[in-house]
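J.:
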Amino acid sequence: MNKHNIALIGRPNVGKSTLFNRLIGKKKAIVSTMPGTTRDRINSEITINNQIFVLTDVGGFSDDQYEDFSNEIKEQIEKALKISDLIIMITDVNDGITVIDKKVAQIVRNSEKKTILVVNKVDNNKKETYSNEFYELGLKDIVSISAYHNINIDLLTDKISNLLPASEMQVIDEEHKSNTITISIVGRPNTGKSTLFNQLHGSKRSITSNIPGTTRDSIDFDLNISDQIFNIIDTPGIRRRGKIKGKIEKVSINKAIDFISESNLSILLIDPMEVATNQDSHIIKTLTDSTDGLIIAVNKSDIIKSNNLNLNEIENKIRNNFKFLKFAPLIYISGLKGTGIDELIKECTIIYSKSKQILQNDQLNNFIMEKIAYNLPKNKPGQSLYIYNIKQHEYYQNVFEFEVNNAEYVHFSYKRFLENIIREKYDFHGVVLKLIFKSRSKK
């Protein structure tokens, strides 16, 4: 389905990410007063007047050549401008027209693309009069707004609709959305998440670097393989709470966890040079709490042989340290070389299918009751556990609800036993099962 592409461009700290979040209706881009917070191009679909657009928030345009990522961010901006149908250039009324604004305007004019000049942070009548000076930038379509206070956003969306009229191919496609498998790429900083993301995307969409923490935002794209749509999300590297530096990284990691929760499954990247670290344990705890399916991908397989690493030793270390992840398939890949990617995508499809299987409730109850009759929990006297009913969740098929006499009587080991027998019986390959125990109310 063809959709119009819209690029948000401007110098750092003029409010691009705030406007991006306002238009999509949720906080996907990180908002901060620190210039250069947005390093990657962030995409999201938005709907205006029943028309779908792809909105892109690109890195702030800056002349600072000494910042680690300035050249790569400029490359991202050039790519975003090239594929865009409409450019929204954002300025700050409080700063007036700056030298960088003039340079950005020149780039925009040279692109010969449809353009809207947004004068942001206009939250009173006095500032409205100040916005008139921005006509000097030579862009005729100007809208004064306050993204933060939601002022004149309707005028901006109407302007977008007028400049980009809908075609028959741009009608909201619910079937497309329901057929999409959402996959988050997760791991410690510098395990190669963005390299894998770029390999799947087929271009350098996410900025890669050997500096941990390069990816601050969670970015995504749709991948179509044999009419199956995969929404691939590159998340920031997740570190233990004590290792997190600064407010921006904290917000970034919280957003990563939100995207993991919204994913159908997650790919956990492991570095073969540092297998089964404490940080990996922390990430796995997050994944088993948040995601529905899980694949362990040992990345950088291209360096395993050259570093005299043993595949069996790597797998044994992972399996021995994370024994409760035996259900998760383990695959060796190279995000850089592209090896193992076909197998990875195949496993994603299989796990997604397994996670959506619907069980017959009567058969489920009969099976569980038969199993527990010979495997009663060894509780203290007066704390006998009784299971009255088991029900698969109506919407989340990997969730099972147990009605018991007292949920406090369910020991962790017995919960694991119940999970294992359900997984073995119904082949929940790669699926994260979640068992919920509810005490029967006393009448």
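Counting from 1, one number per residue, gives the positions in the sequence shown under the UniProt record's numbering. Note that CB positions come from ideal geometry on N, CA and C, so glycine has one too.
1. Which runs of the beta strand (DSSP E) fall wholly inside the segment 76-160 and span at least 3 residues, in chain order?
2. Run the proximity test for residue 404: is its beta-carbon closer than 7 Å to any non-hydrogen atom belonging to the ligand SAH?
3. When DSSP builds the beta bridges, which residues end up paired with residue 4?
4. Report all residues from its chain with a CB closer than 8 Å to the CB of residue 229; omit the five preceding and five following residues, and keep chain order.
5. In three-state DSSP terms, what is residue 9?
6. Using DSSP with H/G/I as helix, E/B as strand and the rest coil, what is residue 439?
7. Would you mind listing the alpha helix (DSSP H) stretches within the segment 383-419 that are 4+ residues and don't spill past its ends, in chain order?
8. Per DSSP, what are the beta-bridge partners of residue 186 in this structure?
9. Identify the residues that DSSP records as bridge partners of residue 44: which are they?
10. Just the Cα atoms here: how many angstroms apart are residue 113 and residue 257?
11. Can you list, in chain order, the residues of its chain with a C-beta nearer than 8 Å to that of residue 340? Leave out the 5 residues immediately preceding and following it.
12. Skipping 5 residues on each side, what residues in its chain have a beta carbon closer than 7 Å to that of residue 172?
13. For residue 364, report the span of its alpha helix (DSSP H) as first-last.
14. What is the DSSP secondary structure of residue 346, reduced to helix, strand or coil?
15. So, using beta-carbon positions, are residue 91 and residue 120 closer together than 8 Å?
16. From what residue to what residue does the alpha helix (DSSP H) around residue 199 run?
17. Can you check which of these residues, 260, 266, 136 and 275, is closest to residue 344 by C-alpha distance?
18. Kindly give me the distance between the Cβ atoms of residue 271 and residue 299, rounded to whole angstroms, as I take these residues to be in contact under 8 Å.
19. Sort 373, 56 and 408 by Cα distance to residue 440 and report the nearest one.
20. Any chance the segment 422-433 sits against the segment 278-286, with 3 or more Cβ pairs inside 8 Å?
21. Consult DSSP for residue 333 and reduce its assignment to one of helix, strand or coil.
22. With a 10 Å radius around its C-beta and 16 neighbouring C-beta atoms as the bar for buried, classify residue 326 as buried or exposed.
23. Can you check whether the CB of residue 117 is closer than 8 Å to the CB of residue 142?
24. Using three-state DSSP, classify residue 282 as helix, strand or coil.
25. Quick one: give me the first and last residue of the alpha helix (DSSP H) that residue 311 is part of.
T.: In terms of the structure at hand:
1. Within the segment 76-160, the complete beta strand (DSSP E) runs of at least 3 residues are 86-92, 114-120 and 142-144.
2. The ligand SAH is not among the ligands present in this structure, which contains no ligands whatsoever.
3. The beta-bridge partner set that DSSP reports for residue 4 consists of 53.
4. For residue 229, where only same-chain residues beyond five positions count, the Cβ hits under 8 Å are 176, 179, 180, 181, 222 and 223.
5. For residue 9, the three-state secondary structure derived from DSSP is strand.
6. When DSSP states are grouped into helix, strand and coil, residue 439 belongs to the strand group.
7. For the segment 383-419, not a single whole alpha helix (DSSP H) run of length 4 or above is found.
8. According to DSSP, residue 186 bridges with 268.
9. Note: residue 44 is bridge-paired with 55 in the DSSP secondary-structure output.
10. If I take the Cα positions, the gap works out to 37 Å.
11. For residue 340, where only same-chain residues beyond five positions count, the Cβ hits under 8 Å are 297, 301, 331, 332, 333 and 334.
12. No answer about residue 172 holds up, because its pLDDT of 46 lies below 50 and its placement is not dependable.
13. Element bounds for residue 364: 361-372.
14. Residue 346 falls in the helix class under three-state DSSP.
15. Contact: yes.
16. Element bounds for residue 199: 193-201.
17. Residue 344 has its Cα closest to that of 266, out of 260, 266, 136 and 275.
18. Going by Cβ atoms, the distance from residue 271 to residue 299 rounds to 7 Å, so yes, they are a contact pair.
19. That would be 408, whose Cα lies nearest to the Cα of residue 440.
20. No contact exists between the segment 422-433 and the segment 278-286.
21. Here residue 333 sits in coil by DSSP.
22. The residue is exposed, with fewer than 16 neighbouring Cβ atoms inside 10 Å.
23. Taking 8 Å as the cut-off, the beta carbon of residue 142 is found closer than this to the beta carbon of residue 117.
24. In the three-state reduction of the DSSP assignment, residue 282 falls in the helix class.
25. 311-321 is the extent of the alpha helix (DSSP H) around residue 311.
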